[in-house]
Structure formats: C-alpha cells, structure tokens
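Residue numbers (the working numbering): 112 to 428. Built from N, CA and C at the ideal position, the CB exists for glycine as well. Being a predicted model, the structure only gives us computed values, none of them experimental.
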Ligand code: 5GP
Ligand code: MN
C-alpha cells in the first residue's frame, strides 16, 4: 500500500528534497510548502527547491525558505515530486531527484508516467494539495493553520475557486475546518485568484485583441510572444489565467493559448464539455487533465498554430 510506503520512507530518510513542475502554479507551490512544513514538524533535514516562484505566492507561510538550488554534491536520502506528471517537467530532476536514494511522487494528473519508486496518483482529486491532506494525516502530521493555508492555496488555484469538477464535500469540509481554525479563506482566495499584476493585465489586452475563432466559434485561439512579455516586463506567473479568457466565452468548446518560449511555443488548452485536451496534447508529448492540459510545440507561430488547430479539429463535434 503506497500510503504506508510513503510513511515508512519518510520515517527512514533524514535528508529530503521536495521538487515540483516547471512554471509552478499555486497547487505546485502550495503542495510543496505544505509538505515542507510537515517534514520540518517531523524534524527532517529538508529542502524545498523551486526556482522562479511567482510573486503571487510569496505570502504563503515559509515561502521565504524556498531554495533556488538543491545542495551541491549531495545525494538526498529521499526525493519527493509533487503535482508533476513526468521527469521532463520536474525541475531539478537530473541533479537532485534521479540521484536520490529513494523517490516518491504524489500527483493528481491522469497522464502521470509513474516515474518514482513510490507513486501515489489520484486523478479524481481536484488538486495535488488535496491529496496531501490524506497523506499528511496518515503520517500523523497536525495540519495547523500554516500548513492548511498552503493546502488551501493549492486547492483554490486548481479548482478555480471551488468551481471545477472533482470538488466534493471533502473539499468544502477542509475549507470549513480551516475557517474554524481562524484562517482567512477570503484573503487567500483574493490573493491567489482575484488580484492581477499590471503585466498580466497588459498581456490580457493582447490576448483579447488577437483572439480568433474557428469551427463555428467552438475553438478559440490566441497567443503572446516573448516581445509582448518583454514590453510589459512580465515575470514568472504573469501568463496565468490567460487561456481561461477564451474558455469562458459562449459557444467555445476548446480554448487554445500559445505562449512563445525560446524554442517555439508552449500551448495551454482548456475544454468545456467533451474534448479531452490531455489526449489532444499527447501527440505533442504533453499531458495534464481532461479539461486542462498543455504541451510544447517547437515551431514558429504560424506552423505551431496550424499544427495545434489541425489536431483540435479532429475532436470537435
Ligand atoms: P497550464 O495550461 O495551466 O500550464 O497547464 C494545464 C495542466 O496541464 C496542468 O495540470 C499542467 O500540469 C499540465 N501541463 C501543462 N503543460 C504540460 C506539458 O508540457 N506536459 C505535461 N505532461 N503536462 C502539462
Ligand atoms: Mn495541480
């Protein structure tokens, strides 16, 4: 049973490194910080390594203890990957995870490749952070206010504020318990979901202006370039939420958002009802969830656009 294995491996380990996926979002960071604090509670010698943490999450408890790099020439006893589908997306994989004596992966993506020694993957969970409630409880950890805040930030991010499928009674029960503990749920909600940076606003303008529709309005397509990001001095995380602009429009089934990266474009896809966008992205070696997925398309804009549209069209009814 993986939960017992996880508990056992954590008990055995002394030095532990926590890693997560590139372009980390609230679930990646919230989950990592919750696990970090839990392991500290157990007296472990633990590092949480996440380069480029978006400013949005700097308010989370112990965010100031996040490291940019793991230890030099150190083999960690245990590597823990959180919220990450595969080793390509795991930041620091080669340096600190692959080399660790034992590895654990806790995730909620259906396309997880089961790359760790112990994989605890629950695609029914709306956030990796929500899985951590079960994992930490099974380890006898007290989920205090600080750990709770980090978990809640993860849940709020990945459920769009308790809105998406997969949110169940247990999700609300957890939030209710935090309220009883005195956590300001509303404040976390505002900081994580509602507040936008100026750069994000500028990028929104470009995304709206360039929005195009295909397949009788069922497919929305838009993009931003490196130049756009440079112009508004965009920082890590400033592109979050842009793909949702197309998704939320009447009649749209699939929203496609391309973001230029040095070797092509990073695609973010969202669907509303029937298209499995993880399957759409699989052909480009990407993945994610049924209604939210991504991939990298190593081509210039026009070709990248054509390739992704061609693939999406197959699934439109
Ligand atoms: P986003 O569009 O917000 O970047 O990502 C949506 C979902 O797809 C997230 O759960 C994210 O982890 C996953 N995802 C995004 N890009 C990739 C990718 O290139 N490969 C895989 N396997 N998953 C991705
Ligand atoms: Mn997640």
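In terms of alpha-carbon separation, which member of 230, 178, 164, 169 lies closest to residue 157?
For the purposes of this step, residue 157 is taken as the residue at position 46 of the chain shown. Ranking 230, 178, 164, 169 by Cα distance to residue 157 puts 178 first.
Helix, strand or coil at residue 308 according to DSSP, with G and I counted as helix
Translated into positions along the chain shown, residue 308 becomes position 197. Reduced to three states, the DSSP call for residue 308 is coil.
Would DSSP call residue 347 helix, strand or coil?
Taking the chain shown and counting its residues from 1, one reaches residue 347 at position 236. Note: residue 347 maps to coil in three-state DSSP.
What do you get for residue 163, buried or exposed, if any count of 16 or more other CB atoms within 10 angstroms of its CB means buried?
By 1-based counting over the chain shown, the position of residue 163 is 52. It counts as exposed.
Quick check on residue 423: does DSSP put it in helix, strand or coil?
Translated into the one-based positions of the chain shown, residue 423 becomes position 312. Three-state DSSP puts residue 423 in a helix.
Beta-carbon within less than 6 angstroms of residue 410's beta-carbon, same chain only, minus the 5 sequence neighbours each way: which residues are those?
Numbered from its first residue, the chain shown carries residue 410 at position 299. Counting only Cβ-Cβ distances below 6 angstroms, and skipping sequence neighbours, we find 375.
Output the residues surrounding the ligand 5GP, defined as those with a CB atom closer than 5 angstroms to any ligand heavy atom, in chain order.
196, 379, 397, 398, 399, 403, 404, 405, 406
Along the chain, where does the alpha helix (DSSP H) containing residue 268 start, and where does it finish?
Position 157 of the chain shown, counting from 1, holds the residue named residue 268. Element bounds for residue 268: 256 to 269.
Provide the residue(s) that pair with residue 370 in DSSP beta bridges, ordered along the chain.
Locating residue 370 in the chain shown gives position 259, counting from the first residue. Residue 370 pairs with 335, 377.
To the nearest angstrom, report how far apart residue 168 and residue 135 are at their CA atoms.
Stepping through the chain shown from its first residue, residue 168 is reached at position 57. Stepping through the chain shown from its first residue, residue 135 is reached at position 24. About 10 angstroms.
Note down the Cα distance separating residue 130 from residue 160, rounded to an integer number of angstroms.
Numbered from 1 along the chain shown, position 19 holds the residue referred to as residue 130. Numbered from 1 along the chain shown, position 49 holds the residue referred to as residue 160. Their backbone Cα atoms lie some 6 angstroms apart in a straight line.
Is it true that the stretch 310 to 318 meets the stretch 342 to 361, where meeting means three or more beta-carbon pairs spaced less than 8 angstroms apart?
yes
Beta carbon shell of the ligand MN at less than 5 angstroms from a heavy atom:
138, 194, 239, 269
Report all residues from its chain with a CB closer than 8 angstroms to the CB of residue 329; omit the five preceding and five following residues, and keep chain order.
The count along the chain shown starts at 1 and reaches residue 329 at position 218. The residues are 362, 363, 364, 365, 427.
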